[in-house]
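Colleague: So the sequences go chain by chain: V and S. Quick note: the first sequence uses our numbering, first residue 9, plus one each step. Quick note: the second sequence uses our numbering, first residue -13, plus one each step. What follows is a structure written as structure tokens; I'll ask about it next.
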Amino acid sequence: MKNKIITLFMVFLLSSCAHKEESKKSVGKNTVIPAHKIYKTKNGIELYHFPYEATPLFTLMVALPVGGITDPKGKSGLTNFMTDLMRTGVEGYDEAAFSVRLDDLAASLNSAVTERWTIFTASGLNRESSSIYDLFFKMILEPTFPIDKFSRMKNNLLEGFDHVVDSPSSVAFRAVARIQYNGSKSARNFSGLLKDVSTLTIHDVKERYEEMLTSEGAKVALIGGTEANGMVQNLIGFLEKIPVAPKISENRIHKWDYKELNFPENNIVLIDKPGLRQSDVVFSYKGPSRKVPEYETLRAIENYLFESQNSLFQRVIREEKGLSYSISGGFRFEDELGLFHIHTATSVEKTAEVVLEIEKTYKGFLEQKGLSDPEIARLQNMLKGSFPFMLDNHYVLVQSYFGLLLGDVRKNFYDTYVDNISHINGALVRNVIEKYMHKNFRIVVVGDAKKIIPQLKKVGKKYTKVRPQQFL
Amino acid sequence: MAAREHILKIISLIFFLGSMVGCDEAGPFVNYKMKREVLPNGLRVFLVEDRSVSLINYTTMIKVGSLWEKEGKTGIAHLFEHMMFQGTAQNRGKGFTEAVESRGGSTNAYTKRDMTVYYSDIASEHLELLVNLESDRLVNLELNEKVLANEKKVVIEERRMRFDNDYYSHQIAALYEIMFAGHPYGRDVIGYEDDINGLTLKDCQDFYKKYYQPANTVLVISGDIDTDKTLDLVKKKYGSIPKVELEKTQFPDSKPVGVEIRKTITRPVESDVLLVGYRIPSQEHDDLLPLFLLKMALFDINSSVAKEVLINEKKVALAVASELQGQWQPSEFVIRMVMGGGTPAERGLFELDKIIDQTLTEPFTSNELARVKNWVELFLMSSAMSGRGVASLLSFGEFYDGDYRISLSQAADFKNVTAADLMKVSRIYLRPENRGIVIMKAGVVQ
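Put into structure tokens, the structure is as follows:
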């Protein structure tokens, strides 16, 4: 279920919705987007304030319109690294003093880098909001980027790459990204490639910071507090200190500096990790972008295949065959290219059997050419019934809504979601399967090659054996 | 979730109480209507009403986990958790999950040392459905050989995924073994593979009959419910289940560590990992609260001593984490350090000991202690944003103390925990002779 909620939540973040001043909308049965007010600061920032008095907490999200997609060539991971470094020293506080001050206020300050946004978040108790704002904006406006902290964090980051190798599923999905998106700007890993991170300098960081810090196109959400308690006006004062600077041009988006990985298309990419008792198996092909109009139908198919204990793959792989504890999959909706994938883990001696069983199950699904009316009705009930979970509490709802504002998909997501589900029918399902679901997969297996290779040979599967480090 | 929140339940109750009686920012707590009742058959029912969103959470806590398992039968509590989803005469096969999931809800379960917990989240219009389904499978579960055979395979796969394939789990298991030799806490909850394969249908039937009884169960329903009507519904569906007197269980003695025990394992990981476990008392002991504050001050908050010294200043560790679990029996306070820059784990232990020694001679300042309490307060405010969140926290008080109000009444002294209390528990528990150490060396397994 957690996966389901996260998936839905992420889609919310990547969608978009129209708004009005003082808006209050119906979104599905029994649910309403909280009333909010929109302000425009003198330097052009849009501030969305969602008053909330039931809990004495606030969350502030400042989204600056510079994301990882414009990391300079050969400097992947720079924006992400820069935001991490911003809290290691600010004017008036070294790293230790900054940490103490955070604890004094019980304040959480975080940052995240997406494709097109750098998002800084602060949260804490309303009564400390003024002091938390002060610290938060020191981090944004006055970072000192101390050189010793730069060196330590860079070393830690580089060592962190080594630990990716410890996790079979992390290795598997890094490999899938490299194989499916080679050279594409979509689905880049914004924490960067090992070879790029190793070349980062303090000069790169400072230069990137100057580019990132702009009010032009920035969006801000304040959840909590009221107009009366001064939290909004106080915030506007801080926001207006962010300088107006031009956004980085789209021309800066360069070809992703991957070394081309030319594995034969029909070969399984077998990533060798000796000693593992289980193998991770991932099937994938390129999927639709997040701007796809048939989103709800794809969600229904995803549910049919994976997202309940009675879904097709859970039923066959887990319940009937006992081959795995769990099997997951579905669509990942990205800016341009998405991904369809199937992922499971199985005992090493059953690796080839699982590969064949997934192929057979998926092929059978394509051959059945759609879903029956009762199946579709069941899926519609599932999707409609799970809709309220996206709107679970005030904070989930508002954060999701702000996510819509940062996205660029369709303008009426809340208003149309339930209706679109109601309109799913057999013909639509068949069209979507025809349009988006392919016959051919790339297969990645992470496991003990010595034990897996004889199995693959026995069932006539070709493979290319590689080391996990190749995908860092 | 459960183990960590278990200790938090005590802390949460204290702040919960504090907020209710004095703080003008108590809104999130006082708005929830609560009700509890013990039915004649022993079933404890705890209800929390929150009409803000049309969702409910339905949680069934059974007082059985790996602590109750005998040698040779390890893993049965967890395997049986899987069997609870295999159907009744009324809901054959996967009828339970299908009924919940086809309505957009979700259902799952987990097994710990002390408990097995089943939970479902669904739109509130389906409350009666869940009461029917859950009361049904508490007494009418159908078990058969075919399902058992398949579920064993699934559990073995789960074990390989969570345990065999995860070298950090090997290290934890080694720590449990040396700290709790001869006691069920010395084994991983999921059980040994051979034991799981050897479990029989009769084992499962006996287990069900012995432990899945109303008097061994806490039922927690929260969210968009009317507490009075819900209680009536629960009485109607569960009330007819006969009362069965529970056998008193005698657990093996949990012997103190007595002398520092060290073990080294080698795995193909990228750097050394240090794991240190200190024996701590069982869940009802007064020392758990200052121990928990000590843990936060040393390892958890932004300005914690460990982060400042081990990561920032000495640069010996990439990450430091800790966990403290108050349980039915004496358990462990675990510290894990992932070494950085090729630093051996032994150096990490040396630095850790220096930090702990300091807690014996230099009390935390009032500001340092206040910072820890700030975070606890914030955590509680955040947790209480929904009635389901409040129910989740208080349910552990209901489970362990028999009545969540007892936890409330015991919690009044919390804000008075002092730096001297922290020093005292450090002296009592963070001693070398009270700990086990497992070092995982990065290397090739021979």
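Yeah, the Cβ is synthetic: ideal placement off N, Cα and C, and Gly gets one too.
1. Looking at the C-beta of V/H171, does it have a partner C-beta in chain S at a distance below 8 Å?
2. By the criterion of Cβ-Cβ separation under 9 Å, what are the contact partners of V/A120 in chain S?
3. In three-state terms, what does DSSP make of S/D212?
4. Which residue comes first and which comes last in the alpha helix (DSSP H) that contains S/A109?
5. Is it true that the CB of S/I142 sits closer than 8 Å to the CB of S/E179?
6. I think S/R123 touches S/M165, with their Cβ atoms under 8 Å apart; what is that distance to the nearest whole Å?
7. Put S/P228 into one of helix, strand or coil per three-state DSSP.
8. Output the boundary residues of the beta strand (DSSP E) element that contains S/S317.
9. Quick one: what does DSSP say V/I14 is sitting in, helix, strand or coil?
10. Residues of chain V with a CB under 7 Å from the CB of S/P254: which are they?
11. Taking CB distances under 8 Å as the criterion, tell me whether S/D180 reaches chain V.
12. Rounded to the nearest angstrom, what separates S/P170 and S/R146 at their Cα positions?
13. Kindly indicate which three-state DSSP category S/V86 falls into: helix, strand or coil?
14. S/A307: which of S/E348, S/T345, S/G263 sits nearest, CA to CA?
15. Would you mind giving the Cβ-Cβ distance between V/G245 and V/P59, rounded to the nearest angstrom? I have them listed as a contact below 8 Å.
16. Would you kindly check if the distance between the Cβ of S/E35 and the Cβ of S/G453 is under 8 Å?
17. Within the same chain, show all residues whose beta-carbon is closer than 6 Å to that of S/G172, passing over the 5 residues directly before and after it, in chain order.
18. Between S/F237, S/G81, S/C190, S/N136, which lies nearest to S/W54 when the distance is taken from Cα to Cα?
19. I'd like to know if V/S107 contacts chain S, where contact means its C-beta is closer than 8 Å to some C-beta of that chain.
20. Using a Cβ-Cβ cut-off of less than 9 Å, list which residues of the region 57 to 78 of chain V approach chain S; keep chain order.
21. Enumerate in chain order the residues of its own chain whose CB-to-CB distance from S/G51 is below 8 Å, with the five nearest sequence positions on each side excluded.
22. Take S/P14 and list the residues in its own chain whose beta-carbon comes closer than 7 Å to its own, dropping the five residues that flank it on each side.
23. Would you kindly check if the distance between the Cβ of V/R186 and the Cβ of V/F479 is under 8 Å?
24. With 16 as the cutoff for other CB atoms within 10 Å, does V/K358 come out buried or exposed?
25. Is DSSP giving V/G411 helix, strand or coil here?
26. Is the region 223 to 233 of chain V in contact with the region 66 to 73 of chain V, if contact means three or more CB pairs nearer than 8 Å?
27. Using a C-beta to C-beta distance shorter than 8 Å, which residues of chain B count as neighbours of S/Y153?
28. Could you check what DSSP says for S/A75 in three-state terms: helix, strand or coil?
29. How about V/E167: is its C-beta nearer than 8 Å to some C-beta of chain S?
30. Identify the continuous beta strand (DSSP E) that holds V/E442 and give its terminal residues.
31. Counting C-beta neighbours from all protein chains within 10 Å, is the total for S/L355 16 or more, i.e. buried, or is it exposed?
32. Run through chain V and tell me which residues come within less than 9 Å of S/K80, C-beta to C-beta.
33. First and last residue of the alpha helix (DSSP H) that includes V/A385?
34. To the nearest whole angstrom, what separates the beta carbons of S/A303 and S/V324, a pair I think is in contact under 8 Å?
35. Are S/D152 and S/I425 close, meaning C-beta to C-beta below 8 Å?
36. Distance cutoff 8 Å, beta carbons only. Does V/K392 sit that close to anything in chain S?
Modeller: Considering the structure as presented:
1. By this cut-off, V/H171 is an interface position.
2. Neighbours of V/A120 on chain S: none; closest Cβ ~18 Å, over 9 Å.
3. DSSP places S/D212 in coil when its eight states are reduced to three.
4. Unbroken run through S/A109 is the beta strand (DSSP E), 102 to 109; no alpha helix (DSSP H).
5. Pairing S/E179 with S/I142 gives a Cβ-Cβ distance under 8 Å.
6. The C-beta separation of S/R123 from S/M165 comes to about 36 Å, leaving the pair out of contact by the 8 Å criterion.
7. In this structure, S/P228 counts as coil in the three-state DSSP scheme.
8. Per DSSP, S/S317 is one residue of the beta strand (DSSP E) stretching across 317 to 325.
9. Because V/I14 sits at a pLDDT of 30, beneath the cut-off of 50, its placement in the model cannot be relied upon, and the following sentence gives the value as read from the coordinates. Residue state, collapsed to three classes: helix.
10. Those within 7 Å of S/P254 in chain V are G283.
11. Contact of S/D180 with chain V is not assigned, every C-beta pair being separated by 8 Å or more.
12. Distance between the alpha carbons of S/P170 and S/R146: 20 Å.
13. S/V86 falls in the helix class under three-state DSSP.
14. When each option's Cα is compared against that of S/A307, the closest is S/G263.
15. Between V/G245 and V/P59 a beta carbon distance of about 18 Å is seen, past the 8 Å cut, so the two are scored as non-contacting.
16. Outside the shown range of chain S (-13 to 432) lies residue 453 of chain S, about which nothing can therefore be said.
17. Correct list, in chain order: Y162, E163, F166.
18. Comparing Cα-Cα distances from S/W54 to each of S/F237, S/G81, S/C190, S/N136, the minimum goes to S/F237.
19. With 8 Å as the cut-off, V/S107 counts as an interface residue toward chain S.
20. Answer set for the region 57 to 78 of chain V: E61, A62, T63, P64, L65.
21. In the same chain as S/G51, and ignoring 5 residues on each side of it, the C-beta atoms closer than 8 Å to its own belong to A63, T97, K98, R99, D100, M101, T102, V175, in chain order.
22. For S/P14, the pLDDT reaches just 44, beneath the cut-off of 50, and the residue's location in the model is therefore unreliable, although a value from the coordinates is still provided. So the qualifying residues of the chain are M367, A370, M371.
23. Closer than 8 Å, so yes.
24. The residue in question, V/K358, is buried, as its Cβ has 16 or more Cβ neighbours within 10 Å.
25. DSSP places V/G411 in helix when its eight states are reduced to three.
26. In the pairwise beta carbon analysis, the region 223 to 233 of chain V is classified as touching the region 66 to 73 of chain V: at least three pairs are separated by under 8 Å.
27. The chain inventory of the structure shown lacks chain B, comprising the protein chains V and S.
28. When secondary structure is reduced to three states using DSSP, S/A75 falls in the coil class, being assigned neither helix nor strand.
29. Under the Cβ criterion of 8 Å, V/E167 is counted among the residues facing chain S.
30. Looking at the DSSP string, V/E442 is not in any beta strand (DSSP E); the run it does join, the alpha helix (DSSP H), is 434 to 444.
31. Result: buried.
32. Those within 9 Å of S/K80 in chain V are Q317, N318, R323, E327.
33. 381 to 394 is the extent of the alpha helix (DSSP H) around V/A385.
34. Indeed, because the Cβ distance is near 6 Å, the residues count as touching under 8 Å.
35. Against a cut-off of 8 Å, the Cβ pair of S/I425 and S/D152 comes out as no contact.
36. At least one C-beta of chain S is nearer than 8 Å to the C-beta of V/K392.
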